[in-house]
Structures are given as C-alpha cells and as structure tokens.
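Enquirer: Handing you a structure now.
Number of protein chains: 2
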Amino acid sequence: MAEYSVVGKSIPRIDALEKVTGKAQYASDFTLPGMLYGKVVRSPYAHARILNIDTSKAEKLPGVKAVVTNKDIPPIRTGMYLGDMYALPVDDVVRYMGEAVALVAADTPDIAEEAVDLVEVDYEELPAVYDVEEAFSTNPPVIIHPNLAEYEVIAPIIVRRLVPGRPNVPQHFLIRHGDVEKGFKEADVIVENRYSTTPISHCTPETHVSVAWIEGDGTLVVRTATQGIHMIKGALCDVFQLPPTKVEVQSPYTGCGFGSRTWFTTEPLAAILTMKAGGRPVQVKFTREEMFIAGVHRTPVTTYVKDGVKRDGTIVARELTILVEQGAYSNISFMIVKNGCFGAVGTYRIPNFKLDSYGVYTNNPLTGAFRGFGSSELIWALENQIDIIAEKIGMDPVELRMKNFLREGEKDVCGQTTHSIGAEECLKKVAEWIEWDKKPVEEPEVWKRGKGIASGNKYTLAGSEAVCEVKVYPDGFFEIRHGTDEMGQGHNTILAQIAAEEFGVSVEHIKVVQGDTSVCPYDWGSLSSRSCFHAGNALINACKDAKRQMFELASARLGRPADQLETTDGKIRIKGVGGKEMPISELFSGWGKLYASLKGEIIGIGTHHTPIILEDPETGKSDRMVTYYIQGAYAVEVAVNVETGEVKVIKSGACFDMGQPINPKLCEQQMDGGAAMGIGSSLCEEIVLDKGRVVNPSFADYKIPTAAEMPTNENFTSMIAGVPHSEGPYGAKGLGEAVVTPYAPAVSNAVYNAVGVRIKDLPISREKVLKALKEKK
Amino acid sequence: MAEYSVVGKSIPRIDALEKVTGKAQYASDFTLPGMLYGKVVRSPYAHARILNIDTSKAEKLPGVKAVVTNKDIPPIRTGMYLGDMYALPVDDVVRYMGEAVALVAADTPDIAEEAVDLVEVDYEELPAVYDVEEAFSTNPPVIIHPNLAEYEVIAPIIVRRLVPGRPNVPQHFLIRHGDVEKGFKEADVIVENRYSTTPISHCTPETHVSVAWIEGDGTLVVRTATQGIHMIKGALCDVFQLPPTKVEVQSPYTGCGFGSRTWFTTEPLAAILTMKAGGRPVQVKFTREEMFIAGVHRTPVTTYVKDGVKRDGTIVARELTILVEQGAYSNISFMIVKNGCFGAVGTYRIPNFKLDSYGVYTNNPLTGAFRGFGSSELIWALENQIDIIAEKIGMDPVELRMKNFLREGEKDVCGQTTHSIGAEECLKKVAEWIEWDKKPVEEPEVWKRGKGIASGNKYTLAGSEAVCEVKVYPDGFFEIRHGTDEMGQGHNTILAQIAAEEFGVSVEHIKVVQGDTSVCPYDWGSLSSRSCFHAGNALINACKDAKRQMFELASARLGRPADQLETTDGKIRIKGVGGKEMPISELFSGWGKLYASLKGEIIGIGTHHTPIILEDPETGKSDRMVTYYIQGAYAVEVAVNVETGEVKVIKSGACFDMGQPINPKLCEQQMDGGAAMGIGSSLCEEIVLDKGRVVNPSFADYKIPTAAEMPTNENFTSMIAGVPHSEGPYGAKGLGEAVVTPYAPAVSNAVYNAVGVRIKDLPISREKVLKALKEKK
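Those protein sequences? They're chains A and B, same order as listed. Numbering-wise, this note's numbering puts 1667 at position 349 of the first sequence, and it's gapless, one number per residue. Numbering-wise, this note's numbering puts 1635 at position 317 of the second sequence, and it's gapless, one number per residue.
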C-alpha cells in the first residue's frame, strides 16, 4: 500500500486522554437546572386492547409535572421504514409486553416511578402469537396488524412487496439468479438444513437517554445518545411537524451503539414530555431492564438453506427461505428483510440462486439493527453449511471456500461487481495463524479440542450522503465538522488523520467538531460501516475545496495559478523544490490573526454520495445496492467439556480487509472487540422469552463474556488484509460490522471438529451441546 | 426612502417572547456541575509596591481549590491597545485602588470571600497623583509608568506619539488644518473656555461575569458577557499562547454593555483560575461594588477650547487641548485619545483647526470605552461653547449651528468627505417639536423653565471586518450566523429582517445564530455603532452568495442561467411574470429533506471590510478613519429650582439620522434609552473619588435616573431623519452611541436659558447650580 505521512499510521486516538480521565461528556452525564425525569408506563400484556387509562391519581401526586396518554397528543409515528409504530398506541392496541402506553415527568426519578404506578390502565387481553413459524403460516392464530397493507413506506429506498395469504408478513424480498432447479439437477450432493438465531441485546454500556427542552426561541433541542444526529433531527421535524430551523439534536460521545441507536430511542418520548411540561428539560433514561424489554434486540432469523454442490466442491445451486422476525412492529427490521440477505450474496460465486426473505410479525419485543444488520444471522447458517458440505464431499473446508470465493471483477448473484476483496487473503492468514494443517493439542480428561474456521462479510449500503466542512484558521490550524457519530470507533481520529494528510500538518493542528446538528453538516449517520468511507471521502473533498480557496487567495501573492500551489506546515508554496512560500496566516487580515480572511471565511465543503439503484422487483437484481463488501475470516480453537457441554474459546484469530487502513491500530481494535462480541453471541448471549416476556432482563441473568472468557494474549490476534478500494478515501473502506459476522460459525465448526456435534440454533449453550452429545451417544 | 417588504418595518423583536418570559439565557444564568467561584484580592492602595504575598492560610482553608499570585503564572497582558496592563502585576507595583493582586477559587462564594481575606499582602505605599492636570505637567509628583516608552502598541491601527518631557502621557494625537493663528486674527470674537467631565459607570444590569473551563480535548472555553466574542477569543489565544482551535468564547444574550465589555473584563481571571484548578469550571462574577471600583469608567476629559468666530456666525478657527484621563493604565482609553476627537471633527465646517489630545495617567481607577467613546465628552464642551458664542454675537443658537454644519460632499478638518448627513434635518425637527421660537411656560414660585438644544454626532470607526454565513435549509428556511453581539440593541431582529428581505420570506423563516465563536464567523464586535452597517452588509453579501449557489443548482432544472433566477416564498423561479418555478427543497436529496443538498451544503459567506487609512502623523489627516458619522440633536426643556439647584428635564425630544432605518421602532427605542442615559450623565451620575478611592460604589450612593426622572410620554419623543447611506445595507448606518452625545449640553444650555448660569463641569448637580446661582447674585 502507498506511504503517507499521517494516514496509515497507528497514532493514538485524539480523544484518548479525555476518555481515560473521565472528562469526555456523554448524554448520560448531561443535566440542566430544573430538569424533570420522564418515565414510561408499559403494557404488562403482549397483546391487549386498552379500554381506559385513568391518570387522575398520578396527576395529583406532588412533583408530577406531566402525564401523557395517546389522548393528549397527535399520532407521533416512530417507525423508521414502515408507518406501523407510534410513540403511544394510536389504535388503543398494545402488541408487545413493555410497549409504552403513557408517559410521566416529575421533579425526581422516584416521584416519576410512583406516578407510573398510579396510572391505572384497563386492558382487554387479546390472543397472541410468539412463534415465528406459526405467525408466518397462511392461517396464523393471530393477525397482529390487520391494516398492514395500508401502512405507509416512509423511506423511498425500498421496494415494497406484500405476500397474499400471509397476513403477518409486512415485507418480502427475493432474489432470482440462474435456475436453481437446473442447478440442483447438476449437483452431486444436496445439503439441506434449518438454522436459527435468538434475540440478543447490544449491551451498550450507556443506556438509551435523551434530555429534551425548548429554547426561548421555540427550538426543540434534544441531547441524546444516537448513531445519527441528522437522522433523528429529520425524524423529529417530520413527526412533530417542525421546520428544520426549530429542531436541534446534540449527541456528544456515545457509550456505544452497535445498531441500537440507529433510529429513535428515547428522543420522541422526551420531546413529548417537554412539550407537555412547557419546555422544561426532561430526561428520559432507560434502566438496564428497559433496555432488555423495550430496546430493540438483534433480529432472530430462521434460515432454510438447500445447497447443490459438485464433487469437486463447486457450488452450483443455493435456495434460501428466510424468516426475519420483526417482533410486534417492523421498524428497522423492515429493512433487514432485504439487506440481511447481502450476507448470503457477497462471498461466494453461485450460478443458480433463489432467495425468499420474509419479515414476520410476532407479539415478541422489538427487533432491529444490530452490528451486522442480518449478515451475521445468514452467515451463521451458510458457514455452518459450508463445513457440512465439505465433510460430505470429503474436501478441506478452507479449500472449499477458496474454490468458491468471488474474485475481483466477478459479479455476485445480484449483478454487483466484486472489487477490493480480501476474502482469500483473510482466510489464508487466519488458517496459517491457527496452523490449520495441524491437529489441536489434546487436553487431558474431559476437555476436547477442535479448530474451526469461517468466512464472513458485511456490505455497506449504497444510497446515502455525507457532508464535511473544513474551516481554515490562521497559523495552519484547521477545524473539521462532520455529521457522523463517534461512539467509540475512532472516527474523530481517522478524520483528523485524513485532514492532517491533506493539509500537510500534524493531527494536533486539526480540531474535530461533531455531534451537534446546529454546527455539523448532514450525514446519514454512524451505521452500515459507512463513516470512514463516506465521511472520509466528503472530508477529502472539503479539504480540496478549502485548498482551492486558499490557493486562489494566495495566487496573486505567489505569482502562480492556484493549481500550481500546495500547502504543508501552515504555509502555501509553489509546487516544486525551493518555491516561494507564504504563511496561511497572511490570508487573514488584521491583528490577532482572528480577523476575517480575505474572503470572509475559508470554509471548504465536500460531499460524498453513493447512488443506489433499486432492485428489479422480479429478480432482486441491481448492480448498485451495496457500496462495497468488507470480507474477513476467523479461525478459532475451542475446548469442549464433554461432561458439562461447556465450550471455551482457546485461540481466536481474525483477519479482515478494510482497504487502506487509515489507522491500523484502530482497525485491530475493532476486530478485537468483534471477537469479544462474537464469543458472547456464539456461546452465552440470549434473551430468553416466555410468551413474550423477557425472562432475563439484567446482567445477572443475561451473560456477556468477561476478560475471563477471552483467549490469552498470545492466543489472540487481529490481522489486516486486502487492497485499497479505488473509490475509498486513500483507498479505505469500512470495517466495524464485518468483524462480528463469521464468529459464531467458526466456533460451531470448531465444536464439531472437537466433539462431532453441530448446534444449528444459536447460542451454542452448554445445555444444547450436552444434549447433542447425549443424543450422539 | 425606498419601500421594502420586511426592511423598514417595525416588526416586533424576534427575541421579545423569550426575554419577557425570562427564558433568555445570560452568562450570569450559567452554571456547570462542580463549578468553582473565583474572587479577587484587591489592592487597598492607589499606588504601592507589593513586598510579599503569603497565601498559605488561604490555601489551607477547606474548600479552596486555587490561589494564584503573579509568581504562579507567566505575565498575562490585558491591555487592549498598549502593553501596560497585566491580569496580575508583573512588576509588583499596583497603581490604583482595587487593582487585582491575587486570585482565589473555592467551592462556594463564601469560602472564596474568606480565602480573599486570608491572603496576606505586605505593601510599601508609594506617592500617588490623582489630579489629571498635575499628572500632565512636565514635572509631575509621580511618574506612574517609568517604562512607558517601552510598552508595545498591540494594535497596528494606531500611530503612536509620545510627548518628550511629559512622563505621564502615553499617547498624543493631533490635528493641524489651516492656520489657526491666522483664523483667530480674522475672527471678530474669541471665546475661550475649559470644560470637564467626571467618571461615570455604565451601570449595566448584568455585572461582569465569566465562567471558564477546559474541555476534555484541552480547549479553553469561556462563557461570558461581552461585546466582542471574537475579540476576546483572539486576545485569549494571544495572552495564553493557545492556537485558534483551542479557545472558544460563548456569549449568549448580554445584559447591556455600553462599552464596558469591549475588551477583557473577567475572562482572563476565570481562565487563569480554571487552568490552576485542573480545568474545572470557575465563575468570576463581579459584585456591583467591584463594577464601581474595578470596572472601567467613562473617561474623564478636560477640554480647553478657543474659538474664533465672525460676527455673521462663521466659525473661522478652533483650537483644542484635551486631557483624556487614562487612570492607572491606558487600556482602551489609549484609543480614545485619538477617536474621541472625532466628536470635534464631524459636525461643523472649520477652516482653521488645531487639536492636541493627550492621554494622561493618574492613580485613579481604570477608564475606558463608554457609549460615545469620547465624543460625548468633547461635544459636552463644544455644544456649550456654541451657545456661548451665539449669545456673544447675538445670534440664535439654532441658526448658528445651521450656518456652520458640514453639508453633503464637504470635507471635514481631517479631509474626510461628508455623506448621508441629517444634522440640519435633525436640528430642525427637534426645534420644531420643542417650539423653539416660543418661550417656555413659566411655573410659579421657585421653578424656572428654560429650553436648550444641542447637536451631536458619533463616528463609526473604519478598519474593521464583519463576516456572516447563511445556511440554506429545505422548505425555504434559512439560518444566519453572525459574529457581532446582541446586548439588547436588536441586531438579531434587524439581521433577520435583512435576510428575510433578501430571500423573500417572513422573519419566521429565519433562524439567527450568534454568541459562540465555535459557530459564528468573525466580527470585530458590537461596538463603535458598527453592527448594523458592517454585519448587515456582510449578511447581504452572504445572502447573495447563497442565492448564487442556489440558482446555479437550479439553473439546469429551470432551463435558465443563474442570473435570470430569483427566489421568494421558498421557491426559485425565472424572473418575470409567470415563470417556471421549483421549491428550494428540491435542491436537497433524499427523504426527510434533511439530506445533503446537491452540493453538500449551501452556505453563503459574505464579508464587509471598511478599510482604514492611518493618519499623517504631522497633521492627523486621513480621508478614511471614519466609516460614517451619525448626526442628531436633542431639544429639552428643563425646570430649575432656584432654591435647591435641582434640575428636572420636563420635555425631551430626540432626532437622529441612521440612514435607512431597518426597524424604525428599534431606532426610536435606542433614542429613548439614550435620553434616559443622557439625563443621568447630565444631572446626577458621577463616580466620586477621594484620593483614588471610589466613595460611592453602590446604587444607594450612585444615582441613576428612574422612571420618576423621565419626562411624561407626551413630553418625550424620538424622531428619525436623514437619507440612506450609499454604502449601507439597504442604506442603513449605525445609531446606538450617537444618541447620548448631545444630551448633556442640551440640558446645560436649557439650564442657562432658565436661570442664566452655566455649569462647565459635568454633572450639573444641585450643589453646582446652587453655588452658581449664589455667585451670580
């Protein structure tokens, strides 16, 4: 890869000091004088009709400043893609346990809690459906949204498809490529399986929180923890019918997101309450329990897969039926019905391909975006499947994958051209690292060792915009303003590196401004692993725009046209050795050097737009639905306790391609974190539901991996591969989501390698392993 | 004047609602969690050497978080124009009573006060000089700044001039025009007098206040009440040696300024303390007493004037010697030595003119900018003088003024061309209003009535920049960002009017952003009555820049070149009747309409720079030191109690020229307020000094006019005159300062008219009137 001065260097995060010293401000830290505390009255039923809400006792409680039911407000639509969900039920029906039915705000959290208990709601319980296959059937026990067909599709980036005769299916996506029937006939081996995943929680350290208030000039301000300040601003403008100048969204550092904050969380609730409370600030902060019962979960996906393969390992046909459980409302999961499928599209060459993906309503809690956005769930199925095929045809699973990988320039089943792909290199590197050709060292007694490997990918969606601004200061200092969200990934650092590279200065000369719609230009948000690519490209364009303006101003002074000038170290000079130069400060007039520049201000503006082409509804094909794929692989070694079923990950090696890494260390850290999350989702994380009730809504009962569950340092690695992307900023792509996608199948394949049992339903819990071991005997 | 849709209309202030409801936020309202309270240890001597400071007791007091003396910090220079002043004395000498010698910060204000008392300072008292004439002499009792000649002039907009043999004179300005000796020979009458003014306080409702803290990324943020956010930012960068990306200054609404906040007030003190306290927020808020003893006062000016006049009223020669008392440090008053003189330059045609203005150090408290910036003090002298001349030559004082007014196109004594002048019209209007030709109605008994009239002017300095930004939103909404400061004048409203006019929308479609250097572009500040003209022009340029960008984007769609397009009501259309049109929203892509514009963002940037030409040091001449003059006049009727000396203003009529008024009501309100301030400074306001000690540092002893001192509604008026300025925004000039300048001489002339005594030293107190009446008898 190319050599740069700042780009490609593992400089320390620019926010490291303030984070380790505890100075970094999060939305949770934010209070205002006179702030009220908002709480939510939630449904105890998974499906019920609200007959009456009596708020009189709550309203009389001293310290209560607002009580709101659906009778007090116009419908506040809170669905992201489909108009099926509202802040408070518009039709007096609740569809999941924990759904909001009323809101209160009071002087203290305790008073607010007491007021919640004093709101009396009469319900008529309705029959409910919790099983996705039952709900999917043509004759389901319950129709959850009788008016499904009438719901408005909010975003124009969707082709909507209903399924006649399936009343709980809000959306259907399909792909038709080649002829699967013909393919299966050509196949030597047919492998058919059913895989599934359960809901899991994002477990963000910071719970959902918003403080909303109304400024003196009538502006609604919401300070929140979000992954998309402009998305939330736009949505608040939309649902509250406010002009773009009367809503501002601030989101300072965010205590992780992982997809949980890609859309409304607490924002509309806090906004409703401040409006009711005369503009006084109102904080709505979810408890951890509320995160489990009323936050979105990773979408449970059931995948039926049928593969046709030749003896030489060539995959000739694949047929997929996918049930994407929406929960009670479609919300963001509406889009997973389509986009999750890219996980099944981006890695392998498959000549005959048929896919049907269905969204399915149940009376379970909300599901939605989770790092991977459906890819992990599909790859869970497909990378188990590859190992099963490999065993069936007697081929090494690494070799089988290598044989079928899409190569540079090839088209995937949707017609998209493969570019900047490191799948082969990643797989090769992790296989070498784990010594794939060697048997694992056997432990004594009950622990059995096994190695497993899996490839995975994450796409970044096309069809979004990013904008950056660069403001030039005297003395060679620059301020960049971006609209994407820093929730720990390191955007601020890599964007500072890009700007430093563009202006030939160190990152100490770059100020990064983010997290405030009143200052930062539009960006779709920190999602779909898009920020580095989109904001990075926008930033480069902004820097170029700023340099053009600087050079135009300097041109007369230096006696050369603008395009013959360049800048480093706070000076503008004629390109070439020994050219005349001038300090940037001289573009500013007056003493103090903070005076106006000769043109008022030098603000470079740059944008990056990745166009999207909507799919052909008959085939699901389009050559531009995805901007790029990020590929990678994990190799793990596990130890399985044959007496308890416990699985431990002993070794874990990652390798992913992210084009040109802007900051290699940050990329490695993304993989490190992905592996930790992968261990959790593979082995222990699961929201246990009992008739729509979350049985384990606390970290006492919902287990996430700790340091003790991680491999030791010498048995853990994160490696970088791939080639620069021709359209990326300095060749960079994204990374953040891909790193979770192949973890669980790698573990599953390793468990099979160790003890010969394969668990097809995540997580690979002790109980399931033990049961399978018993059955095997 | 021209007819516009929004400009020229007296729409209500856009901030009216939030101000009357108490929602508007001032720096005084601002607190942060964990905020400390800073207090100042002050010198009890007017001139002393600090021998030792023992802070040990203060440091041991529980709750004290920082104690700072000059030993703990590098020199923090706080002079504005001359490097003679520091936050804490660098040479261990204090030069006025109340000068800061140490700073403390503690958990509560009470602890901080206690810590102040515990700081033990040993002084050696030094001889002091309090009388300006004594200090001015060639053999003064004390030389206050022995190193005067070595002090650096900070601002490059000054021609420095020392006076050999006058060791307490930091600056001398002169004007030489024509030949005064020849002029006096041609004169029929010579009139010579000495006038003086005493220090007065700005009496801002909000005292000086700053909260400073250090952000996680090391940025020093100061939230303050100031008239120049960027000026303070630049100065903080300068004195603390910080880059422009590491200092931010916020100043929300400000509780008036009147010149008191044109430079550092509490900002460097709060900054020093937060740096010492590890970045914790520290508030430094002056008490009212501190405002009187440590805030700047209106500069006392002693004026010797000698006029030569012909019998027909033609002024043929004027000679002025002016002593501008700086107090212990020059600070802003350094500039008044020159700029105050424009008050003597802008109104009358004088063929032979000689002026010498001297800054003079004394050991009295600080002086500085005060609404009028020296003009009021000069006009006090000169408008008394005109009435004295009129009486001497037996001419009506209105006629005498009319005869000598500079007319459009004429040059003043400095060589500057007179333009957009309403002096005649203003004088005519107030004379008509007060029925100048009629005697006042006599009251019975002890009250004697008299009428007085005076003209005045205020210049707006050349040599400053303003920048505005306009951000275009979908749906025909616009955000303007300006860098000047709203301290009650109504800038936000008139700038919104200008933008609304430019975009053909109502002011409800305009959002105004101000008071934050991190968002708002550079502006010199809210001073010198410059904001409307400078920011207004910059804003028009920004609007034009935004429209150019909008029209370029719309051009292809509407099939016409950009210059054939126009916008109103959120639409872009082909100029002319019935042209094709498109909504501005269509320049933005994507759903929610908050997506990027087709070029990322549409941000118009506009600037306005008024060049300055420094004066010829031998003559004081330059044809561009002043951007424009604002002219006007007051006519008052007073009642004088011949037994007590009390003076009451019974009638008060103002008329000023401000070019095209953007919002006539706001202009009238400026004049209303100016009259109130004029009554105070004429009759009762005075900081009484006794050997450098402020004797009356409270509103109990320092008298300001209340509603009871104001004329009744039917006896009070504010009128508008003048013609548009060819370079002003829609023809507007400034206004704010001019409206105080001729008040006191109008009252003085009226008192003379009533009882035949003339007080030449402000204020016209009961004691002085009574004494003069006795002497007259």
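For each residue, glycine too, the CB sits at the ideal point set by N, CA and C. Predicted model only: the values in this text are computed from it and were never measured.
Where does the unbroken alpha helix (DSSP H) through F1851 of chain A begin, and where does it stop?
Expert: Taken as a continuous stretch (DSSP letters only), the alpha helix (DSSP H) holding F1851 of chain A covers 1849-1876.
Enquirer: If contact means a Cβ-Cβ distance below 9 Å, which residues of the stretch 1557-1570 of chain A contact chain B?
Expert: Listed in sequence order: P1561, P1562, T1563, K1564.
Enquirer: Determine whether the Cβ of W1698 of chain B lies closer than 9 Å to any Cβ atom of chain A.
Expert: W1698 of chain B does not count as touching chain A.
Enquirer: If we require 4 or more residues per run, which alpha helix (DSSP H) segments fall completely within the stretch 2047-2081 of chain A?
Expert: List check, alpha helix (DSSP H) in window: 2061-2073.
Enquirer: Using only the alpha-carbon positions, how far apart do E1533 of chain B and A1814 of chain A sit?
Expert: Computed Cα separation, rounded: 18 Å.
Enquirer: May I ask you to list, following chain order, the residues of the stretch 1702-1722 of chain A that have a beta carbon less than 9 Å from some beta carbon of chain B?
Expert: Answer in chain order: no residues at all.
Enquirer: Go ahead and label V2013 of chain B buried or exposed: buried means 16 or more other beta carbons lie within 10 angstroms of its beta carbon, across all protein chains shown.
Expert: That one is exposed.
Enquirer: Which runs of the beta strand (DSSP E) at least 3 residues long sit entirely within the stretch 1472-1543 of chain A? Give them in chain order.
Expert: Whole beta strand (DSSP E) segments, 3+ residues: 1490-1495, 1507-1514, 1527-1532, 1538-1542.
Enquirer: Per DSSP, I1371 of chain B is paired with what?
Expert: The partner list for I1371 of chain B (beta bridge, DSSP) reads B:V1439.
Enquirer: Report the residue ranges of all beta strand (DSSP E) runs contained in full by the stretch 1324-1384 of chain B; include only those spanning at least 3 residues, in chain order.
Expert: As far as the stretch 1324-1384 of chain B is concerned, its whole beta strand (DSSP E) runs of at least 3 residues are 1354-1360, 1366-1372.
Enquirer: For the stretch 1357-1371 of chain B and the stretch 1434-1454 of chain B, state whether three or more C-beta atom pairs, one from each stretch, are separated by less than 8 Å.
Expert: As far as the Cβ criterion goes, the stretch 1357-1371 of chain B touches the stretch 1434-1454 of chain B, which means the pair count is three or higher.
Enquirer: List the residues of chain B whose Cβ lies closer than 8 Å to the Cβ of T1349 of chain A, in chain order.
Expert: In chain order: P1351.
Enquirer: Is it the case that the Cβ atoms of A1784 of chain B and S1849 of chain B are separated by a distance below 9 Å?
Expert: Yes, the Cβ-Cβ distance between A1784 of chain B and S1849 of chain B is below 9 Å.
Enquirer: CB R1891 of chain A to CB L1871 of chain A, shorter than 9 Å?
Expert: No, Cβ-Cβ distance for R1891 of chain A and L1871 of chain A is not below 9 Å.
Enquirer: So what does DSSP say about L1779 of chain B, is it helix, strand or coil?
Expert: Three-state DSSP puts L1779 of chain B in a strand.
Enquirer: Apply the 10 Å Cβ neighbour rule to T1339 of chain A and answer buried if 16 or more other Cβ atoms are within range, or exposed otherwise.
Expert: Exposed, because fewer than 16 other Cβ atoms sit within 10 Å of the Cβ of T1339 of chain A.
Enquirer: V1954 of chain B and S1970 of chain B - do their beta-carbons sit closer together than 9 Å?
Expert: Yes; because the gap between Cβ atoms is below 9 Å, this pair is in contact.
Enquirer: Are the Cβ atoms of L1700 of chain A and M1720 of chain A separated by less than 9 Å?
Expert: Against a cut-off of 9 Å, the Cβ pair of M1720 of chain A and L1700 of chain A comes out as no contact.
Enquirer: First and last residue of the alpha helix (DSSP H) that includes E1826 of chain A?
Expert: First-last for E1826 of chain A: undefined, no H or E at that position.
Enquirer: Within the continuous alpha helix (DSSP H) that includes G1552 of chain A, where are the two ends?
Expert: Unbroken alpha helix (DSSP H) run through G1552 of chain A: 1547-1558.
Enquirer: Does the distance from the C-beta atom of D2093 of chain A to that of V2075 of chain A stay below 9 Å?
Expert: Looking at the sequence itself, residue 2093 of chain A is Glu, so the reference to Asp does not match. Contact: yes.
Enquirer: Going by DSSP in three states, I1706 of chain A sits in which element: helix, strand or coil?
Expert: The answer is helix: DSSP assigns I1706 of chain A an H, G or I state.
Enquirer: Can at least three beta-carbon pairs, one atom from the stretch 1520-1528 of chain B and one from the stretch 1599-1606 of chain B, be found at a separation below 8 Å?
Expert: Contact between the stretch 1520-1528 of chain B and the stretch 1599-1606 of chain B is present, because at least three Cβ pairs lie under 8 Å.
Enquirer: Tell me which residue opens and which closes the beta strand (DSSP E) that A1589 of chain B is part of.
Expert: Not the beta strand (DSSP E): A1589 of chain B falls in the alpha helix (DSSP H), residues 1585-1594.
Enquirer: Using a threshold of 9 Å, state whether the C-beta atoms of G1843 of chain B and Q1545 of chain B are closer than that.
Expert: It is a contact, given that the beta carbons lie within the stated cut-off.
Enquirer: Of the residues that make up the stretch 1922-1946 of chain B, which ones have a beta carbon closer than 8 Å to any beta carbon in chain A?
Expert: Cβ contacts with chain A come from I1923, G1924, T1925, H1927.
Enquirer: What residue ranges within the stretch 1392-1461 of chain B form continuous beta strand (DSSP E) runs of no fewer than 3 residues, ordered along the chain?
Expert: The qualifying runs are 1418-1424, 1438-1443.
Enquirer: Would you give the residue range spanned by the beta strand (DSSP E) that S1970 of chain A belongs to?
Expert: First-last of the beta strand (DSSP E) with S1970 of chain A: 1965-1975.
Enquirer: Residue range of the alpha helix (DSSP H) that S1651 of chain B falls in?
Expert: Start and end: 1651-1657.
Enquirer: Within the 9 Å Cβ cut-off, does W1909 of chain B reach chain A?
Expert: Yes - at least one Cβ of chain A is within 9 Å of the one on W1909 of chain B.
Enquirer: CB-CB under 7 Å to I1697 of chain A, same chain, minus the five flanking residues each way: which ones, in chain order?
Expert: These residues qualify, in order along the chain: G1661, G1774, T2059, P2060, P2063.
Enquirer: At a cut of 8 Å, does the stretch 1630-1637 of chain B reach the stretch 1708-1726 of chain B through at least three beta carbon pairs?
Expert: Enough Cβ pairs lie closer than 8 Å, so yes.
Enquirer: Go to R1799 of chain A, then tell me how far its beta strand (DSSP E) extends in each direction, as first and last residue.
Expert: Looking at the DSSP string, the run of the beta strand (DSSP E) that includes R1799 of chain A is 1795-1800.
Enquirer: For D1333 of chain A, I'd like the list of residues in its chain whose CB is within less than 8 Å of its CB, leaving aside the five on either flank, ordered along the chain.
Expert: Answer for D1333 of chain A: A1342, Y1571, E1804, N1810, T1811, listed in chain order.
Enquirer: Going residue by residue through the stretch 1959-2042 of chain A, where are the continuous beta strand (DSSP E) segments of at least 3 residues, counting only ones entirely within it?
Expert: Listed in chain order, they are 1965-1975, 2034-2039.
Enquirer: Compute the distance between the beta-carbons of L1638 of chain B and S1578 of chain B, then report whether it is under 9 Å.
Expert: Not a contact, by the Cβ cut-off of 9 Å.
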